[in-house]
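Participant: Using the working numbering, you'd call the opening residue of the sequence shown number -12 and step up by one each time. All C-beta atoms, glycine included, are put in the ideal place defined by N, C-alpha and C. Values in this document were obtained by computation on a predicted structure and should not be read as measured data. This is the structure I have questions about; it appears just below.
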Amino acid sequence: MFRLRLDVWHRIPIVPSGRVHNLINSLSYIGIAGCYGYAHAANWVRLEPTTLLTFSGAFLAGTFMLSPDLDLAEQNVDSKRNWGILGFLWIPYGMVFSHRGLSHTWIVGPLTRVAYLCLLLAIPIFFLRQPVLETKLPGVTRGVVYDLLESLQNVFSSGILAGQVGLGLLFGYYISQWLHLMADGVAPDMQPRFFGKRKRRR
Ligand SMILES: [Zn+2]
């Protein structure tokens, strides 16, 4: 009887819930910040504030908004709930990607969510760009949008600044994703499974 029960436990993959993932990532973030603080105080490393800021932003976004478990977005998962009323936008992603398949791979998996996010952003930008750009506020010769676009252009035209931003975004996002995969027990060389796996709550 006892042996039978053990056998059943072996076949059930024990993976952390969304809240446990959030806790693991948050504690890891505190740990990373502590290590950096120590290394900075000892003059071993010195990163630019831009890199630290973008790292933190990307890490938090990767943890709470772009988690690999969005492949279950047709159900009610934590990272979908964090999108509030816009959570439904991730349902097609959840329908296309099988749970713990391609979405849970180390390099391509995180890219699928960024690509999907770009697609989501591209639709309103495409339809609204002309009306927004042509909107003129009374007494203002150049709109807020122009200023925003100009500052973005400045970031990308300055190679050093773009490097600092890119470094922070890349490491912040990927580390948040890899912590999730490690907690799920996904090995870096695991073969992706795109289709054909039954959905199960994480
Ligand atoms: Zn997962």
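Using CA coordinates, which residue listed in L98, L148 and H167 is at the minimum distance from L40?
Facilitator: Comparing Cα positions, the closest option is L148.
Participant: Provide the residue span of the alpha helix (DSSP H) that contains I147, from first to last.
Facilitator: Note, I147: alpha helix (DSSP H), G146 to D171.
Participant: Rounded to whole angstroms, what is the Cα-Cα separation between S13 and F84?
Facilitator: Taking the straight line joining both Cα atoms gives about 26 Å.
Participant: With distance defined between alpha-carbon atoms, name the residue in V142, G155, M52 and S90 nearest to P36.
Facilitator: Comparing Cα positions, the closest option is G155.
Participant: State the Cα-Cα distance for the pair W77 and I19, rounded to the nearest angstrom.
Facilitator: Near 30 Å, if we compare the C-alpha coordinates of I19 and W77.
Participant: Pick out whichever of V142, S4, A28 and L57 has its Cα sitting closest to the Cα of Y103.
Facilitator: The shortest C-alpha separation from Y103 is found at L57.
Participant: For V152, which residues from the same chain have a beta carbon less than 8 Å from its beta carbon, with the 5 sequence-adjacent residues on both sides left out?
Facilitator: So the qualifying residues of the chain are T37, T38, T41 and V142.
Participant: In angstroms with no decimal places, state the Cα-to-Cα distance between I17 and Y161.
Facilitator: C-alpha separation (whole angstroms): 17 Å.
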